[in-house]
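For the sequence shown, my numbering assigns the number 36 to the initial residue and increments by one for each residue that follows. A virtual CB, placed ideally from N, CA and C, is assigned to each residue, including glycine. Read the structure below first, then the notes.
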Amino acid sequence: MKRATVAIVGGGQAGAALAARLRAGGFDGTITMFAEESRLPYQRPPLSKKYPSGDWEAERLLLHPAAFWREAGIDVCVASKVLAIDPAQKSLETEQGRIFSDQLVLTTGARPRPRPQGFGGRNNVFDLRTIRDVDALRPYFRTGLHMLVLGGGYIGLETAAVAASAGFSVTVVERAPRLLARVACAQTAAEIRALHEKQGVRIMEGRAVTRTEGETALTAVHLDNGARIPLDLAVVGIGVLPRSELAERAGVVCSNGIRVDFLGRTSSSGIWAAGDCANFDFDGQPTRLESVQNAIDQAESVADAILGAPRAYRPVPWFWSDQFDTKLQIAGLSRGFDHVIARSSSRGKSFWYFRRNQLIAVDALNDARAFMEEKNSLKGGRWFIPLTSKLQVSTLSTCLRLDASQAPGWPGSHRETARPCALPVRHAKPAHPSDTMCRSS
Ligand SMILES: Cc1cc2nc3c(=O)[nH]c(=O)nc-3n(C[C@H](O)[C@H](O)[C@H](O)COP(=O)(O)OP(=O)(O)OC[C@H]3O[C@@H](n4cnc5c(N)ncnc54)[C@H](O)[C@@H]3O)c2cc1C
36 MKRATVAIVG GGQAGAALAA RLRAGGFDGT ITMFAEESRL PYQRPPLSKK
86 YPSGDWEAER LLLHPAAFWR EAGIDVCVAS KVLAIDPAQK SLETEQGRIF
136 SDQLVLTTGA RPRPRPQGFG GRNNVFDLRT IRDVDALRPY FRTGLHMLVL
186 GGGYIGLETA AVAASAGFSV TVVERAPRLL ARVACAQTAA EIRALHEKQG
236 VRIMEGRAVT RTEGETALTA VHLDNGARIP LDLAVVGIGV LPRSELAERA
286 GVVCSNGIRV DFLGRTSSSG IWAAGDCANF DFDGQPTRLE SVQNAIDQAE
336 SVADAILGAP RAYRPVPWFW SDQFDTKLQI AGLSRGFDHV IARSSSRGKS
386 FWYFRRNQLI AVDALNDARA FMEEKNSLKG GRWFIPLTSK LQVSTLSTCL
436 RLDASQAPGW PGSHRETARP CALPVRHAKP AHPSDTMCRS S
């Protein structure tokens, strides 16, 4: 009897999770993973954390050692780019030839946005997506150079932090009015900004590059306020675009990524997608997440569906970012929030996001407990407002004053009268004696 076959396009976090889950779930057919990069699947987060400075070596980034793939009987074809897919034939084309497969899974990830004018084709300008990108950057890692970071999102800021810690003088230029404008509230951004400035990073928000200097190398940029910033190297961290070109060319429905349903099925039967390249409905909106959590969980959900045990992918998104001595952990998705409550404790600070009085996300700075509380409450479908100390209650009151116009129905300083949700609430058993918990009905 012919063995079932699964072909995976893309050897990153999602592709690796999918292949491993298929085998662990008892799939005994052929699994072939095509990876454009010349390496076994590896994790990207350290590329902007421990890897640039040499704290970690490439071997440590591998998701699994070579023996794992061998023993699991998973063929990983590295340096093997898929050139086209044919949904009707269920086949894919590589430079080595055409391969037919029963199921085809696209885990093609994302690529950096094209560099702005003046940054392309310069030998001292770097993206930060692959080991190769960072290997090209690493020789520059020595004290005293000036690095320009274009883009004040997580990857730009992590790179700024690791460079400043290594003795660079660093300037971050962000075109939006503030850092992290797409992904975090003003309060979180202000904390991160203060953290960087304390370490000597120069942050220039609301500034656009109007002109660049240099021939083969970029030597300086001019900003729209007239400032000229000389530099030795630049890192561009202005976001990514989903790699959906194979699917688009094959007529698979795409819109900001490859559209998939709650099982990871695309518009074409037998073709699936997961990870950074996939766009699915979350919270009633088309959504593309760029995180390790999403890559793994969505890929595993696709694997389960292929294994014949389908379950809807309903994620609790979470993410982290390490900058200097601060670990920022994010649970939930803050999109569409209408007010934010700040809390601080002996551990750290956290910012709690609400939409129509429902808690939707938290940013926790060096406060793993706040992160876990929110993550668990989202997982359990509960809206969980922990008030555990006088300090926190008074912080909430202070914050109330800041957010008063936007915080109807938030409790005063007395815990006994707390009603975090203006919606009808049903009290459940508190997880902690002094917590107040409510659930939207
Ligand atoms: C510098 C950096 C730091 C990050 N830090 C964090 C963090 O702290 N926390 C967090 O949660 N997330 C972080 N992320 C995001 C996280 O790494 C991604 O969300 C995750 O890697 C997505 O996995 P993926 O498998 O969907 O895509 P990828 O990991 O990008 O893998 C896709 C792979 O597919 C390959 N491919 C594409 N097209 C083809 C083709 N036609 N043929 C063959 N192969 C192809 C690509 O070359 C790539 O190797 C970070 C990302 C970067 C770049």
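What are the boundary residues of the beta strand (DSSP E) that includes H231? As a position in the sequence shown, residue 231 is number 196, starting the count at 1. Secondary structure note for H231: it is in no beta strand (DSSP E), and the uninterrupted alpha helix (DSSP H) holding it is 221 to 233.
Three-way DSSP call (helix, strand, coil) for I341 in this model: Translated into the one-based positions of the sequence shown, residue 341 becomes position 306. Three-state DSSP puts I341 in a helix.
Which residues mark the beginning and the end of the alpha helix (DSSP H) in which F103 is found? The sequence position of residue 103 within the sequence shown is 68, counting from 1. In the DSSP assignment, F103 falls within the unbroken alpha helix (DSSP H) covering 101 to 107.
Reduced DSSP category for D332 - H, G, I as helix; E, B as strand; rest coil: Here the question's residue 332 lines up with position 297 in the sequence shown. Residue state, collapsed to three classes: helix.
Taking 7 Å as the cut-off, is the beta-carbon of P350 closer than that to any non-hydrogen atom of ligand 1? If you number the sequence shown from 1, residue 350 lands on position 315. Checking every heavy atom of ligand 1 against the Cβ of P350, none is found closer than 7 Å.
Contact check, L214 vs I273 under 8 Å by CB: the rounded distance? Within the sequence shown, numbered from 1, the residue matching residue 214 stands at position 179. Within the sequence shown, numbered from 1, the residue matching residue 273 stands at position 238. Actually they do not touch by this definition, with Cβ atoms about 13 Å apart.
Going by CA-CA distance only, name the one from P149, P350, L400 that's closest to K384. For the purposes of this step, residue 384 is taken as the residue at position 349 of the sequence shown. Ranking the options by Cα distance to K384, first place goes to L400.
Residue closest to I134, alpha-carbon to alpha-carbon, out of I120, G153, Q320: Within the sequence shown, residue 134 is the residue found at index 99, counting from 1. That would be I120, whose Cα lies nearest to the Cα of I134.
Taking the beta strand (DSSP E) that F135 belongs to, which residues open and close that run? As a first step, residue 135 must be located in the sequence shown, where it is residue number 100. For F135, the enclosing beta strand (DSSP E) has its first and last residue at 132 to 135.
Proximity of V113 and G46 at Cβ, strictly below 8 Å: The sequence position of residue 113 within the sequence shown is 78, counting from 1. The sequence position of residue 46 within the sequence shown is 11, counting from 1. Yes, they are a contact pair.
Cβ neighbours of A196 in the same chain (closer than 6 Å, five flanking residues each side left out): For this step, residue 196 is matched to residue 161 along the sequence shown. Only Q358, F359 meet the Cβ criterion.
Taking just the CA atoms, how far does V337 sit from C312? As a first step, residue 312 is located in the sequence shown; it is residue number 277 there, counting from the start. As a first step, residue 337 is located in the sequence shown; it is residue number 302 there, counting from the start. Computed Cα separation, rounded: 14 Å.
When you compare each of R300, V256, D316, L342 to R349 by their alpha carbons, which one comes out closest? Against the sequence shown, residue 349 aligns to sequence position 314. When the alpha-carbon of R349 is set against those of R300, V256, D316, L342, the nearest one is in D316.
Are V275 and R146 touching if we call contact CB-CB under 8 Å? If you number the sequence shown from 1, residue 275 lands on position 240. If you number the sequence shown from 1, residue 146 lands on position 111. Yes, Cβ-Cβ distance for V275 and R146 is below 8 Å.
Among the candidates R382, G371, H374, A51, whose CA atom is the shortest distance from the CA of L363? If you number the sequence shown from 1, residue 363 lands on position 328. Out of R382, G371, H374, A51, R382 has the C-alpha closest to the C-alpha of L363.
Reference P122; option with closest CA among R210, A282, T247: Locating residue 122 in the sequence shown gives position 87, counting from the first residue. Cα-wise, what sits closest to P122 is A282.
Express the C-alpha separation of R278 and P80 in angstroms, rounding to a whole number. Mapped onto the sequence shown, residue 80 falls at position 45. Mapped onto the sequence shown, residue 278 falls at position 243. Pairing P80 with R278, the inter-Cα distance amounts to about 19 Å.
Is K116 near ligand 1, going by C-beta to nearest heavy atom under 7 Å? Position 81 of the sequence shown, counted from the start, is the residue given in the question as residue 116. Result yes, Cβ under 7 Å from ligand 1.
Under DSSP, the beta strand (DSSP E) around Y348 begins and ends at which residues? In the sequence shown, residue 348 corresponds to position 313, counting from 1. For Y348, there is no enclosing beta strand (DSSP E), as DSSP gives it neither H nor E.
Under a three-way DSSP split, which group does P122 fall into? Counting from 1 along the sequence shown, the entry for residue 122 is found at position 87. In this structure, P122 counts as coil in the three-state DSSP scheme.
Rounding to the nearest angstrom, what Cα-Cα distance links D332 and A201 in this structure? Start at 1 with the first residue of the sequence shown, and residue 332 comes out as number 297. Start at 1 with the first residue of the sequence shown, and residue 201 comes out as number 166. Using only the alpha carbons, I get a separation of about 35 Å.
So does G547 have its beta carbon nearer than 7 Å to some heavy atom of ligand 1? The structure shown does not extend to residue 547, since the chain is modelled only from 36 through 476, so no value can be given for it.
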